[in-house]
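> The numbering of the sequence shown is UniProt numbering, which starts it at 1 and goes up by one.
The structure's right below; bear with me while I get my questions together.
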Amino acid sequence: MIPVKSTEEQRSAYTQAIVDTWNIATRDQKRRGLTWYTTAHEFAAEIATGNTDMGAGVIAALSANKSWSENCRIARKAFAEGSASGHVPDAVRKANRIMAGTAPAEVLPMHIKTGCFYLCIADPDNPESVVIDRHAHDIAVREIYGQRDRGLGAIGRYNTLADCYRAAARKIGEVPSKVQAVTWVAHIERGHA
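As structure tokens, this is what we get:
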């Protein structure tokens with residue numbers, strides 16, 4: 001696990017690893033990564049009949065430990081049936097609260113992955129939000145952790161990596177969420193799922 005309080009040298013190394021992954025992404029991977037959150041935004045609007053914020057919240061609430069295709073399937077099903085299912089009780093409760101009209105920011109943990117995922121889907125050009133999942137972590141540390149705990153529930157560790165993605169985005173000249181999405185696509189397609 002990386003330290004909660006990383007040194008400047010460590011942060012610089014994590015940032016460079018992100019930039020390096022961006023640089024090895026193919027043109028097609030960059031194209032798909034750069035449009036990933038815009039496509040998710042459109043999907044959120046579609047399933048929630050134009051209420052993109054609600055759709056993004058439900059997608060995020062039902063995202064933990066689900067593939068994107070499964071996440072989409074159960075989010076679409078939740079709106080079609082009027083209530084969520086197919087996930088752990090806490091995630092289902094959160095999705096149902098959002099569908100009942102509670103603002104996603106009141107329901108989701110806004111300081112870690114789920115809340116950031118909601119923000120990136122709701123606004124694909126958000127200049128600050130970045131999703132740090134297991135893949136984003138592994139990219140930054142240049143190591144595949146597999147099933148080992150990454151400690152991303154610790155706010156300090158999460159924020160360290162989010163700051164590194166923001167620093168990489170400044171170097172690249174792109175929005176942090178788009179850097180995360182491009183590097184995620186490149187990482188996954190190199191067989192690091």
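In this text, a Cβ means the ideal position worked out from N, Cα and C, and glycines have one as well.
Mapping DSSP to helix, strand and coil, what is residue 102?
coil
> How close, in whole Å, do the beta carbons of residue 54 and residue 98 come, if the pair is a contact with beta carbons under 8 Å?
6 Å
> Give the straight-line distance between the Cα atoms of residue 66 and residue 170, rounded to the nearest whole angstrom.
30 Å
> By the DSSP assignment, the alpha helix (DSSP H) with residue 176 in it spans what residues?
Taken as a continuous stretch (DSSP letters only), the alpha helix (DSSP H) holding residue 176 covers 176-189.
> Could you give the DSSP three-state label for residue 4: helix, strand or coil?
If DSSP states are grouped into helix, strand and coil, residue 4 belongs with coil.
> Closest to residue 14 by CA distance: which of 24, 2 and 25 is it?
2
> Quick test of the definition: if touching needs 3 or more C-beta pairs under 8 Å, does the segment 125-141 touch the segment 92-108?
no
> Quick check on residue 83: does DSSP put it in helix, strand or coil?
For residue 83, the secondary structure class from DSSP, reduced to helix, strand or coil, is coil.
> Less than 8 Å separating the beta-carbons of residue 61 and residue 95?
yes
> My guess is that residue 18 and residue 164 are in contact by the Cβ rule of under 8 Å, so how many angstroms apart are they, rounded?
6 Å
> Within the segment 127-162, note down every full alpha helix (DSSP H) run reaching 4 residues or more, in order along the chain.
If we require 4 residues or more, the alpha helix (DSSP H) runs fully inside the segment 127-162 come out as 134-141.
> Kindly confirm or deny that the segment 24-40 and the segment 135-149 touch, where touching means at least three C-beta pairs closer than 8 Å.
Of all C-beta pairs linking the segment 24-40 to the segment 135-149, fewer than three are shorter than 8 Å, placing the two stretches out of contact.
> Helix, strand or coil for residue 54? Go by DSSP, reduced to three states.
helix
> Quick one: residues in its chain with C-beta nearer than 7 Å to the C-beta of residue 63, no 5 flanking neighbours on either side, listed in chain order?
71, 114 and 117
> If I measure Cβ to Cβ from residue 166 and keep anything under 6 Å in the same chain, skipping five residues before and after, which residues do I get?
176
> With a cut-off of 8 Å on the beta carbons, I'd call residue 187 and residue 35 a contact; round off their distance for me.
Incorrect: roughly 17 Å between the Cβ atoms, too far for contact.
> Does the beta-carbon of residue 111 have 16 or more other beta-carbons within 10 angstroms, so that it is buried, or is it exposed?
With a threshold of 16 other beta carbon atoms within 10 Å, residue 111 falls short and is exposed.
> So, helix, strand or coil for residue 13, using DSSP?
Secondary structure at residue 13: helix, using DSSP grouped into helix, strand and coil.
> Find out if the Cβ-Cβ distance for the pair residue 33, residue 141 is shorter than 8 Å.
no
> Is it right to say residue 68 is buried, meaning 16 or more other beta carbons lie within 10 angstroms of its own, or is it exposed?
exposed
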